[in-house]
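Engineer: Using our numbering, the letters of the sequence shown map in sequence onto residues 352 to 558.
Every residue, glycine too, gets a C-beta built ideally from N, C-alpha and C.
Quick one: this structure, given as structure tokens, is what I'll be asking you about.
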Amino acid sequence: MLDLKFVRENKETVEKELKNRNIKFDLEKFLEMDKERRGVIAKVEKLKAEQNQANQKIASEKDSKKKQALISEMKKVAGQIKKLKPAPDFEKKFLELWRQLPNISVDTPIGKDENDNVLDHEWGSKPKFDFDPKPHYEVEAVKKMFDIKKGSQISGARFWYLKDKIAKLQFALINYTIDFFTKEGFELMVTPGMVKKGPLINTGFYS
């Protein structure tokens, strides 16, 4: 998620990024909500500071009448804090909008879809054939080891099941990669299979 201070101070940059990515987002409305939210938070924090000071006075006050008056006053302050806090619906809407803001990447080529992708570099020489080569997923011998239909039913487009030799090839590539990088000094690590909502939001992988 983009830092809110960055969004406030770099409005034009954020607007440009939204336009480049063809994202419909009302940035003006979001910044108005942010301003309103910050104002409320500032008032709440001020009242909480008063509350803390009063609590210290209450703890040290020996006169019962004065102590009771302070307690009564703090109950009113607590009521003010409760009223001032952003409504759950407002906070929920604000967070939903905040998550929609894309990361800023000035060196990413601008394009509407994958057809506008820019070739960065090529490695090796391309082989030449005396026939029109097919992509691997159209070769009959290989097609039997892919189950694209079932994969899309379970996980959506661009997913598939791998079977037999293709599955073995995938694991062989994984093992090769592990061996290669451990020799280079990297440490192998298995991470948790499940992640809490908070870390996902903080890393920008939650929508």
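G502 lies in the alpha helix (DSSP H); which residues open and close that run?
Structural biologist: Counting along the chain, the alpha helix (DSSP H) containing G502 begins and ends at 499-506.
Engineer: Tell me whether the segment 429-448 and the segment 378-393 touch, counting them as touching only if at least three CB pairs, one residue from each stretch, are closer than 8 angstroms.
Structural biologist: Counting Cβ pairs under 8 angstroms, three or more are found: they touch.
Engineer: Give me the Cα-Cα distance between K495 and E363, rounded to the nearest whole angstrom.
Structural biologist: Those two C-alpha atoms are separated by around 52 angstroms.
Engineer: Among the residues of its own chain, which have a CB less than 8 angstroms from the CB of L572, if the five just before and after it don't count?
Structural biologist: Lying outside 352 to 558, the shown extent of the chain, residue 572 is not represented and no answer is given.
Engineer: What whole-angstrom Cβ distance do L421 and V365 have, given they're in contact under 8 angstroms?
Structural biologist: About 47 angstroms separates the two Cβ atoms, so there is no contact after all.
Engineer: Name the DSSP bridge partner or partners of L513?
Structural biologist: Beta-bridge pairing links L513 to F497.
Engineer: What first and last residue would you give for the alpha helix (DSSP H) that runs through D372?
Structural biologist: Residue 372 is actually Arg in this sequence, not Asp. First-last for R372: undefined, no H or E at that position.
Engineer: Between the alpha carbons of K408 and K426, how many angstroms are there, rounded?
Structural biologist: For K408 and K426, the distance between alpha carbons rounds to 14 angstroms.
Engineer: Quick one: which unbroken alpha helix (DSSP H) runs of 4-plus residues sit fully inside the segment 361-417? Chain order, please.
Structural biologist: Entirely contained in the segment 361-417, the alpha helix (DSSP H) runs reaching 4 residues are, in chain order, 362-371, 378-411.
Engineer: Can you give the Cα-Cα distance for V395 and S423, rounded to whole angstroms?
Structural biologist: Taking the straight line from one Cα to the other gives about 18 angstroms.
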